[in-house]
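The next block holds one structure in the form of structure tokens; read it before the comments.
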Amino acid sequence: MKQLRNTEWRRGYPIKKNLALCAWGLMALAGFAGILARPENIPSLASCVLALAGAVLSLPHLLGYYRTTYQCLPALNRRLTKKEQEGPK
Numbered sequence: 002m003k004q005l006r007n008t009e010w011r012r013g014y015p016i017k018k019n020l021a022l023c024a025w026g027l028m029a030l031a032g033f034a035g036i037l038a039r040p041e042n043i044p045s046l047a048s049c050v051l052a053l054a055g056a057v058l059s060l061p062h063l064l065g066y067y068r069t070t071y072q073c074l075p076a077l078n079r080r081l082t083k084k085e086q087e088g089p090k
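Just so we're on the same page, this note's numbering is the position in the sequence shown counted from 1, plus 1.
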């Protein structure tokens, strides 16, 4: 169990998960803020709509990545629960 957590932190997976979530939040915020600001020019409005659409379409993939227990064991994540992966204490 401790070895799995050490491997996760050495590879930076918890930090990557949080950075991905922050980037998604900024993309969604930019889309909403741009649309609510009522931009007068079409390219500005189009970029805001694209940012919002990108945020909506990438949400399922982001949630799947964020909910993965151990990134260093991708094949076992689909078959075993977190307790089974950690083994007996």
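Built from N, CA and C at the ideal position, the CB exists for glycine as well.
Separation of residue j from residue i, as counted between CA atoms
{"i": "P61", "j": "P89", "result": "32 Å"}
{"i": "G55", "j": "R68", "result": "20 Å"}
{"i": "E9", "j": "E41", "result": "47 Å"}
{"i": "L64", "j": "L51", "result": "20 Å"}
{"i": "L82", "j": "R6", "result": "This sequence places Thr at residue 82; Leu is not what is there. C-alpha separation (whole angstroms): 15 Å."}
Residue i, DSSP secondary structure in three states
{"i": "T82", "result": "coil"}
Delimiting residues of the alpha helix (DSSP H) encompassing residue i
{"i": "Y71", "result": "It is not in any alpha helix (DSSP H) - Y71 carries neither H nor E in the DSSP assignment."}
{"i": "A38", "result": "A38 -> no alpha helix (DSSP H), and no H or E assigned at all."}
Residue i Cβ short of 8 Å to the ligand SAM heavy atom set
{"i": "N19", "result": "With respect to small molecules bound, the structure shown includes none, and the ligand SAM cannot be examined in it."}
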